[in-house]
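Comments concern the structure below.
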Amino acid sequence: CPQEIWEYIFKLACVDGGTTGRSLSLVSKDFRVASQSARFHSVAIDGDEQAVSFASLIRSLPPDLRCVRHFFI
């Protein structure tokens with residue numbers, strides 16, 4: 001499949017609070033690259049420690065990969 005198709009599929013799959021995004025990035029190097037734009041499509045944070053960790057992580061990314069569509073606290 002073309003890269004754009006994979007990105008679309010990943011965005012549809014990454015609506016569970018972050019579990020699928022993390023899992024996709026661990027499948028292979030190719031999936032990690034292809035799923036980067038959807039990795040944080042839906043994020044769920046539970047507690048102060050996770051909030052601080054996520055803030056640190058998101059700041060370390062290039063601006064084009066910081067897209068968060070759904071954010072649950």
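Numbers 1 to 73, taken from full-length UniProt numbering, label the letters of the sequence shown in order. All C-beta atoms, glycine included, are put in the ideal place defined by N, C-alpha and C.
query	result
Whole-Å CB distance - His70 paired with Ser53, under 8 Å assumed	Not a contact, Cβ separation roughly 18 Å.
Supposed close pair Phe10, Ala38 - CB separation, criterion 8 Å	4 Å
Rounded separation between Trp6 and Pro62 - CA only	21 Å
Under 8 Å between C-beta atoms of Gly18 and Ala44	yes
Exposure of Gln3, with buried meaning 16 or more beta-carbon neighbours within 10 Å	exposed
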